[in-house]
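Residue numbers (the working numbering): 2 to 465.
Everything on this sheet refers to the single structure shown next.
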């Protein structure tokens, strides 16, 4: 049927409805004029409908002549639903969750702005590890600083892939996570890879390959999100690794056996002989990490008590002797714990000791004494309470310390690094969070005056 034929049918139908065949009298003239106006309006609507039909027909002809587009299913993976991949449905794509076939991509992250003020100088205003000495011979007393940055803004992607039958029904997965705390000018931040790994899992067994958190020291304090109190009592960082895990569940909890090999020198890039090769790589061996843990339901409903014992052993080698030595070892032993005390109160923390821990964020960043050739021994840990004061307000007081042995430290080296803090978190809903932290941070030196800082950190964060 042509467009003009359709117009005539619609028009005659409207006339038949509006003007039934009957005698007219003068009293109906006003009503007839009103009905004629309605007819004109309906004709305009009819023309608009016909124009829209022409546009749809044109789009259909273009679509039929093009290659078929893949369908975006809305049913989650694993439900067994079938999808017609030759059709295209104009359905909204939801931010944060994309599904195609048996695979799922989930986006996450947050936007964040930090404002930080110090009344004494840390080694770096944005990524601090210790406070500089205020001795007049090397520094200035009460030399304050202020900085403001968005570098901790984060974007991540979790991938859940299909089950691979040829690998014994192994579930595929992976993670990519980025932020901008990697240098550059304030208006030219550089992207930093936090996590980049692939995962294979089957039941209680798992394999992870790529960059992720160390196996040792799995917890971290709430405060100081830039550096997580590294070199001040908290060990562990992110590095390239291959990690194997066995985590069987039982009625009241779960066991955990996790071990892996990683790149020595990924954090401190130690090159004692300055030959251009990292000493960890020159050893021709990866370091080894292991953690044994257990968690079970506690007396607090919905919360678990957990404990873990962990350690590592690393290897380093130099091409020329350093104080008569070319072989060096790194090792640690520690524990972590999480203890719910009440539905609103909990305690968690870590304790450890070891030697040559600069690559593991211990010893206040000091691993080898190049004068004596000896490994620097250190001990430390941290403890933090979580107190839910209100439905939107949680308080986190804590303490941390990294205490190397004084006899292992060279002159003007750092002998103790400690801090107490109060972290405030206001979760206002909709993913919006306000943080307000205070730290009293003190670093002692061998032969120099200490550095002592009052540090304030206010941040705004919107998570998605």
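Virtual Cβ for every residue (Gly too), placed ideally from N, Cα, C.
Below 8 Å between beta carbons: does that hold for residue i and residue j?
i, j, result
"residue 224", "residue 404", "no"
"residue 362", "residue 236", "yes"
"residue 451", "residue 406", "no"
"residue 432", "residue 464", "yes"
"residue 205", "residue 247", "yes"
"residue 335", "residue 217", "yes"
"residue 238", "residue 258", "no"
"residue 276", "residue 320", "yes"
"residue 317", "residue 280", "yes"
Taking buried to mean at least 16 other C-beta atoms within 10 Å of its own C-beta, is residue i buried or exposed?
i, result
"residue 371", "exposed"
"residue 448", "exposed"
"residue 80", "Unreliable placement is indicated for residue 80, whose pLDDT of 36 sits below 50; no coordinate value is reported for it."
"residue 103", "exposed"
"residue 376", "buried"
"residue 68", "Its pLDDT being 41, under 50, residue 68 is placed unreliably in this model, and the coordinates cannot settle the point."
"residue 261", "buried"
"residue 390", "exposed"
"residue 300", "exposed"
"residue 209", "buried"
"residue 166", "exposed"
"residue 57", "exposed"
"residue 187", "exposed"
Which class does residue i belong to by DSSP, given the choice of helix, strand or coil?
i, result
"residue 441", "strand"
"residue 359", "helix"
"residue 74", "At residue 74, the pLDDT of 37 sits below 50, so the modelled position is not reliable and the matter cannot be decided from this model."
"residue 39", "helix"
"residue 152", "coil"
"residue 180", "strand"
"residue 50", "helix"
"residue 106", "strand"
"residue 271", "coil"
"residue 192", "coil"
"residue 166", "helix"
"residue 112", "strand"
"residue 460", "strand"
"residue 291", "strand"
DSSP beta-bridge partners for residue i?
i, result
"residue 346", "343 and 388"
"residue 307", "296 and 339"
"residue 132", "123"
"residue 200", "174 and 209"
"residue 471", "In the structure displayed, the chain extends from 2 to 465; residue 471 sits before or after that span and is not available."
"residue 454", "442"
"residue 33", "Its beta-bridge partners do not exist; DSSP assigns none."
"residue 351", "337 and 383"
Could you tell me whether any Cβ in chain D is nearer than 8 Å to the Cβ of residue i?
i, result
"residue 143", "This model lacks chain D altogether, as it is built from one protein chain only."
- Write down every uninterrupted run of the beta strand (DSSP E) in the stretch 213-260 whose length is 3 residues or greater and which is fully enclosed by it, in chain order. 239-247
- Query: Fully enclosed by the stretch 371-451, which alpha helix (DSSP H) runs are 4 residues long or longer?
  - Reply: none
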